[in-house]
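In what follows, a single structure is set out as structure tokens and then discussed.
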Amino acid sequence: MGNHCKGLCNFTPKINKTKTMSSFTVKSRIWIESSKGIYLGYGKIALLEKISETGSINSAAKELGLSYKKAWKLIESMNAQSTSPLVKTETGGKGGGGTVVTKAGLKAIKAFNKLDKKCKKALAKEFKKLNF
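With this note's numbering applied, the sequence shown corresponds to residues 146 to 277, in that order.
Quick look at the structure:
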């Protein structure tokens, strides 16, 4: 050991024995992507869920703090990458049209949320083994 360590090379940190693992949590975020970009992530899933609730892109966008243009671009991106549309719009009619999340869209929401839950559960289990 040279002088460059100045006594730090043999340093042993003092660990606060009263801290438990509950002092820490592990966080993660998942998304599904293709060569064309992000297909599904938390924001897109939230948008699909809000459209399903409200039947309106505009209402969903407002509730999520998005512009209509941004919401529309997200929908176009998802629909372009999917084998069948996740969202369909209907124009005109007595009610003035509306927007529906398709069966494929509902399946995507369910699958993404299931994957997210499984990932978080597995990550928490592995984190617990680390004994932080």
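Just so it is clear, CB atoms sit at the ideal spot from N, CA and C, and this is done for glycine as well. For clarity, every value in this text was computed on a predicted model and none was experimentally measured.
Exercise. What residues are listed by DSSP as bridge partners for Lys-215?
Worked result: According to DSSP, Lys-215 bridges with nothing at all.
For this session: Answer yes or no: do Leu-192 and Leu-231 have a C-beta to C-beta separation smaller than 7 Å?
Result: no
Exercise. How about Thr-247 and Lys-259: are their beta carbons less than 7 Å apart?
Worked result: no
For this session: Mind checking who Val-246 pairs with in its DSSP beta bridge?
Result: Val-232
For this session: Look at the alpha carbon of Gln-226 and the alpha carbon of Ile-202, and state the distance between them as a whole number of angstroms.
Result: 19 Å
Exercise. Going along the chain, which residues of its own chain have a beta-carbon closer than 8 Å to the beta-carbon of Leu-185, five neighbours each way excluded?
Worked result: Trp-176, Ile-177, Met-223, Ala-253 and Phe-257
For this session: Going by DSSP, name the residue or residues bridged to Leu-185.
Result: Ile-177
Problem set entry | Range covered by the alpha helix (DSSP H) that runs through Leu-275 | Unbroken run through Leu-275: none, as it is neither H nor E.
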